[in-house]
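End of the sequence shown = 624 in our numbering, gap-free, step of one.
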Amino acid sequence: MGIPEDIGVVETMMGTRAGKGAKLNYQNLTGIKDADSSTMNFPAQYMFKDVPFSDQAREVPEEPVDPPEGADLLLPFMDKHNIQIAMVGVGPGDAKTPAREAIDRHPDRFIGAHEPDPNNVMGSIRDIRDLHAQGYLRAVTAFPAGRNPQVAIDDPKMYAIYATCVELDVPIFCCAGIPGPRVPYEPQHPKLIDQVMYDFPDLRFVTRHGCEPWEALAVKLMLKWPNLYYSTSAFAPKYYPQAIIDYANTRGADKVIYAGYFPMGLHIDKIFEQLPAVPFKDEVWPKFLRDNAARVLNLDL
């Protein structure tokens, strides 16, 4: 059967800004020291070919000079690929950003996630609570290696955020494995997740960005912890780790969640062009593309 044609996909990682002017270097990622990174459109650009809406993309002459933002950028691609809902990043405060406007204009198509600053513990908790109360937060995100100073997955500062997630019944999507940006990796070694899941058995924890080169360890941990999940963010489908494919096709059908990386590094057209070649069993596809994310995010679909 392959990918069901009538399934409304839940996309768990999309950005709302694109183009050379967007300069997608994360504002919080201040620990990079090499000069080459400062010239990139985003901090891991060296790992990707044909970054959408950039000088690197072969299709640039056919792209608009100034790409639209927010819903105007994303909805045409979402409709093209039958993406029903996309999760986008929402910052703190009250400013009308492209992500907030997308959620306001199309609450049935967009949901918000927020990456708090764990170095500001009480500020993080306030921001999470405020965004949740305002209806802009369905999940919390984390980039442990990307903070300066770095904040490891099992750092006490993160524990305050985990406790808040459990209290509000929202998941956390957390980068794990070697980071693309040129910063040390130790703060997001997947082994650190083990202690977190032991201390927070009710926390729904979703890994981002591959867990490489410890995919087998990630599988072992998912077998062990019921509320630990894996998302495929930042990976072209042809590079999905074999250990994850094998796990999804056996005991992990309910634990692997689709995520893209558009428009940051991968064009959504390329992702959906490659997806049919992923050797998932027929019964895995609905769970991978929709059901698992809907359950983790408490979506009423």
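In this text, a Cβ means the ideal position worked out from N, Cα and C, and glycines have one as well.
- Secondary structure of L491 (DSSP, three-state): helix.
- In the structure shown, H437 adopts extended strand secondary structure according to DSSP, grouped into three states.
- Less than 8 Å divides the Cβ of N572 from the Cβ of V607.
- Annotation: the continuous beta strand (DSSP E) that includes I406 extends over 406-412.
- Below 8 Å, enough C-beta pairs join the region 389-399 and the region 424-435 to call them touching: three or more.
- At least 8 Å separates the beta-carbon of Q407 from that of V493.
- Per DSSP, the unbroken beta strand (DSSP E) holding A465 starts and ends at 462-465.
- Only buried fits R340, as 16 or more other CB atoms lie within 10 angstroms of its CB.
- Note on M337: 16 or more other CB atoms within 10 angstroms of its CB, so buried under the neighbour-count rule.
- Residue state for F365 is assigned as coil, using DSSP reduced to three classes.
- Counting the other CB atoms within 10 Å of its CB gives A456 a total below 16, which places it among the exposed residues.
- In the DSSP assignment, V444 falls outside any beta strand (DSSP E) and lies within the alpha helix (DSSP H) extending over 444-457.
- S554 has I580 as its beta-bridge partners, per DSSP.
- Segment contact: the region 502-516 against the region 466-474, three or more CB-CB distances shorter than 8 Å; contact assigned.
- With respect to the 8 Å criterion, A483 and L515 are not classified as neighbours on the basis of their beta carbons.
- With respect to the 8 Å criterion, G342 and D417 are not classified as neighbours on the basis of their beta carbons.
- Just so you know, the alpha carbons of A559 and M587 end up roughly 12 Å apart.
- DSSP places M336 in the uninterrupted beta strand (DSSP E) bounded by 332-337.
- In the DSSP assignment, R531 falls outside any alpha helix (DSSP H) and within the unbroken beta strand (DSSP E) covering 528-531.
- The C-alpha of D450 is placed about 15 Å away from the C-alpha of V489.
- Rounded to the nearest whole angstrom, the CA to CA distance from A462 to C497 is 10 Å.
- Look at the beta carbons and you see the region 518-529 touching the region 543-550: at least three pairs across the two are nearer than 8 Å.
- Nearest C-alpha to P415 among H429, M445, P441, D453: D453.
- Close CB contacts of L491 within its chain, under the 6 Å cut and outside five residues either way in sequence, are with H455 (chain order).
- As the crow flies, the alpha-carbon of I567 is around 10 Å from that of S554.
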